[in-house]
Amino acid sequence: MRHLFSALLRPLPLLTALVSGSLLGGGLAMPLPAEALGEEAIVDKLEQVPVFVILNSDGQPLTAAAEVDDQEVKVPVVFIDGEAAEEFLTRAREEDPSAEVALVDLGTLYQETVLGDEAQVPLLYLPIGDELDTAIALQSNFQGVPLFIARQGADGPYLTINQDGQASLPMFFSRNDLQTLLDRYGESNAEAADDIVVQVLSLEWLLATMTSNSDPELDAQLQQVRLFPSTEVLDFIRAQDAEPAAE
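Listed below in structure tokens is the structure:
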């Protein structure tokens, strides 16, 4: 997968996404010095997250106009939703018939753009539409890519899971996937389950915090974070992989 990304560091592309207003609810991740978890730990967490970019015939990514430090720049567009990327591909091919959707892991992409040693490139993330609607229902002013988390009461401890004898703090790209976990939790902790509160934070906030945090208590929580991609996105990837075998 890593061989794709030398292309991302070339001069920015021939394809331009005309994204208006709120940038489809997307959020911009600006380059920050890696101080909190360290680059390796951040990349390890993000490598579990599949994302999609549209590449033109030269291997350069689709970009969108965004404002950075009061200047308009073009930044690569990262789709959290594969189906949305496929839909946008139709528009991209009007300009470049050879454009393709590429499946990449967020860790590699983030490392070679935002955390890169050379010219750092911010990324624009486009969320899954239905999940963004759910996030806004929870928090009316929400912007960015939603991550859903659960805690014991509004100010209580976050719900963790045990993996190989270690506690992990799960954050879900899908509200329904979090609910699956909560349903299982309720089967064995019915009384405690009544106090569970679902909250939402943005992927963009998490990335910025992981790279700039200096609070040891928060750092300990960040160390526990595990990101769970949407089951629907994983099903989409499996379906794409199965297509050639079906022909």
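Heads up, the final residue of the sequence shown is numbered 247 in this note's numbering, and it's a clean run with no missing numbers.
C-beta: ideal position from N, C-alpha, C; glycine also.
CA-CA distance, residue 222 to residue 147, rounds to 14 Å.
Residue pairing from DSSP places residue 168 in a beta bridge opposite 161.
In this structure, residue 76 lies near residue 53, with their beta-carbon atoms less than 8 Å apart. DSSP places residue 224 within a helical segment (H, G or I) once states are collapsed to three.
From the listed residues 90, 44, 39, 134, the smallest Cα separation to residue 56 is found for 90. Considered as a whole, the stretch 96 to 151 harbours 106 to 112, 129 to 138 as its complete alpha helix (DSSP H) runs of no fewer than 4 residues, in chain order.
When the Cα atoms are used, residue 219 and residue 96 turn out to be separated by approximately 44 Å.
Pairing residue 80 with residue 142 gives a Cβ-Cβ distance that is not under 8 Å. Here DSSP, grouped into helix, strand and coil, assigns residue 80 to coil. When DSSP states are grouped into helix, strand and coil, residue 88 belongs to the helix group. In this model, residue 169 and residue 127 are separated by some 21 Å (Cα to Cα). Listed as beta-bridge partners of residue 196 by DSSP are 152.
Across the structure, residue 229 and residue 166 are spaced so that their CA atoms are roughly 20 Å apart.
According to the DSSP assignment, residue 43 belongs to the alpha helix (DSSP H) that extends over 39 to 46. Burial of residue 63 is indicated by the presence of at least 16 other C-beta atoms within 10 angstroms of its C-beta.
Taking C-beta atoms as the reference points, residue 124 and residue 41 fail to come closer than 8 Å.
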